[in-house]
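Taking it in order: structure first as structure tokens, then the write-up.
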Amino acid sequence: MKNWMFYKTDLLPYMRTAAGAMNNTQYLRMKHLITLILILLFHFFSFGQILYPNSEILEYYRVIEMKNNDIQDRLGIFPSIVSQYKKDSLAWNIWADQLQFNGIPDKSIKLMSFRFSNYYNSKYPKGYNDGAVWKGKGFTSVLQGGISGRYGILEFTFAPVVYYSQNVSYDLASQRGNNSPYNYQFTDRRIDWVQRYGDENFIEFDWGQTDVRMAYKNFTLGASTQNIVWGPAQRNPLILSSNAEGIPHVDLGTHTPIQTKIGSIEAKVYWGVLNESEYFDDNNDNNYRYWTGMSISYSPSFIPSLSIGFNRALYKRGEEFTAKDLYKTFWWFENKNETVGQNDEYDQIASATVRWVFKEVGFDTYLEFGKNDFGGSLFGSEPDHARGYTIGMSKYIDLNNTNVIKLTYEHCSVDKAKSGLYRGYNTWYTHHIVTQGYTNNGQVMGASVGPGATTDYIGTELFFKKGLIQLYGERVRFNDDYFIDNILNNDLHDFEWTIGSRLSIFVNGFLLSSECLLSLRKNMYYMAKNDQNNLQLGLSISKQLK
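Per our numbering, the very first residue in the sequence shown carries number 88; after that it's consecutive.
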């Protein structure tokens, strides 16, 4: 993968060469030795908290938010580093013997929780909302950890991720035109959405949940690569999710929600860089895109359980960046379609969000409604043009004074509305000028199911004193936009059903987790009877100390 402007290390080529030179026995010995050293080292330190993408602790944190009335809730910005929120005492925390969310004291440095994970995919790559990690066919091993500290107004976290991917060969879709054979083939507008990262195994380093910032009262200025989620969606946020590696960026805004007489306000502005993967084109002059965004949320004082928000992201070719682009995100403009237009140098995505939480009865419902590119007037005759949406709800059921069941349903749709059948339309996350699309290093930054897709998720989670049991099912129909434009045969939808489970148990201060997913994919690549069944197995160990 290509070196990144300021957050990729030049050691990677040598790491990959070394990994390729090792046989399986040598690799396993090295992996086990590193793991043993880290476990022994980390055992003697206190830890801060990071919500690693797709981890048990992230799922548990959602329950912490619901079950504690005195917690300072996020509104529309969900960071992966939670020490910035004050949680010195929690009325409900059934994992309290193993896990605390205390902030980091001033003038101190702490080791963060570490997580060592191994996954196996039997037939094809599969992994959603995993941050920088890409789970190819075969084995994937992931090591995450780091340190966090605070000194006056300065806060910092260094929490990179290193992972190994066996990256076993599997049947790719037929190559179309001059598109890379490793890239996605099914969109009329190109997109840098990698289906396989080359033809060899590799070791990859990413800065992960790394963050440096100054925080004064409720305000902050920071530089970060952490995964940040915009909006209330749990599986498929439309604009910013944890599906790709975090964007290297600078941000300015609120550190925690500001309390005013009229309610709580949370807002941030971002400026960052998106990286192109090695598997898009051979042009080294367009490897980077300029990205800017803003997220604003408000919870009225007269309805404190309600929060509304607005999110917007724009990106353009990096080589065309000028100083004026630093404040473009504050402008509201739309394409007037006179020509390719002053606005078509950018692509943009915007969304409005609503979340209503009823803690007294344990119910949470939310909606994110988005518009892709310059999709036309919201108040015109076709407000659904270029729309996408995610809608969901969760119900929390107390079994006794401690155990909790969480039931969740979420539906996401980023497929073409009816107006897209006869009007100009860009498939979500693609663009005809910024041809890499809304991706970072080859993965979509919004809804994990990708361009033109629809999906339904239903899940059950049981949280008890010693751990977590999770069962879920998910349906994905891939890229209906391509299907409508090119296939139109009811027997050739490319779709997938998945059933999954996870069991996480605390044992002697360690959190052991096992996962099993069975995916049944039909008509893969829109080919009749090209059915593939993928089994994913996972085993993780985490260390959580008070």
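Positions of the beta carbon are idealized from the N, C-alpha and C atoms, including for glycine.
The model shown is predicted, which means the values in this text are computed figures rather than measured ones.
Apart from the 5 residues on each side of it in sequence, Arg-300 sits with its Cβ closer than 6 angstroms to the Cβ of Glu-242, Thr-307 and Gly-309 in its chain, given in chain order. When the five nearest sequence neighbours on each side are left out, the beta carbons in the same chain lying within less than 7 angstroms of the beta carbon of Trp-358 are those of His-336, Val-337, Thr-379 and Leu-413, in order along the chain. For Asp-434, there is no enclosing alpha helix (DSSP H); the residue is found in the beta strand (DSSP E) stretching over 433-445.
Counting every other CB atom within 10 Å of its CB across the protein chains shown gives Ala-219 a total of 16 or more, marking it as buried. Cβ neighbours of Ala-331 within its own chain (closer than 6 angstroms, five residues either side excluded): Asn-527, Gln-530 and Met-532. Taking C-beta atoms under 8 angstroms as the contact rule, Leu-198 and Ile-234 qualify, at a distance of about 6 angstroms.
When only Cα atoms are considered, Glu-291 and Tyr-139 end up about 17 angstroms apart. The stretch 575-583 and the stretch 598-605 do not touch, with fewer than 3 CB-CB distances between them shorter than 8 angstroms. With a contact defined as Cβ atoms closer than 8 angstroms, Ser-200 and Ile-137 qualify at about 6 angstroms. DSSP places Val-448 in the coil class of the three-state scheme, outside both helix and strand. Taking a C-beta distance under 7 angstroms as the contact criterion, Val-536 and Trp-515 do not qualify as a contact pair. For the 7 angstroms CB-CB criterion, Glu-497 and Tyr-569 do not form a contact. Put simply, of Arg-277, Asn-141 and Gln-296 the residue whose alpha carbon is nearest the alpha carbon of Val-249 is Gln-296. Only buried fits Leu-555, as 16 or more other CB atoms lie within 10 angstroms of its CB. Annotated three-state conformation of Thr-416 is helix, per DSSP.
Rounded to the nearest whole angstrom, the C-alpha separation of Gly-214 and Lys-348 is 44 angstroms. A check of alpha carbon separations from Pro-192 across Met-381, Asn-205 and Ile-240 identifies Ile-240 as the nearest.
Asp-368 and Ser-267 have their C-alpha atoms roughly 7 angstroms apart. Per DSSP, the continuous beta strand (DSSP E) segment holding Met-381 begins and ends at 375-387. Annotation for Asn-573: the continuous alpha helix (DSSP H) segment containing it runs 567-573. Every beta strand (DSSP E) stretch that sits fully inside the stretch 224-310 and reaches 3 residues is listed by chain position as 225-231, 234-238, 241-245, 248-252, 289-293 and 298-303.
Counting only residues of its own chain and dropping the five nearest sequence neighbours on each side, Tyr-559 has a CB closer than 6 angstroms to the CB of Gly-546 and Gly-587. Distance between Arg-399 and Ser-384, taken at the CA atoms: about 12 angstroms. Its Cα nearest to that of Lys-503, the residue Pro-470 stands out among Pro-470, Gln-346, Gly-318 and Ala-260.
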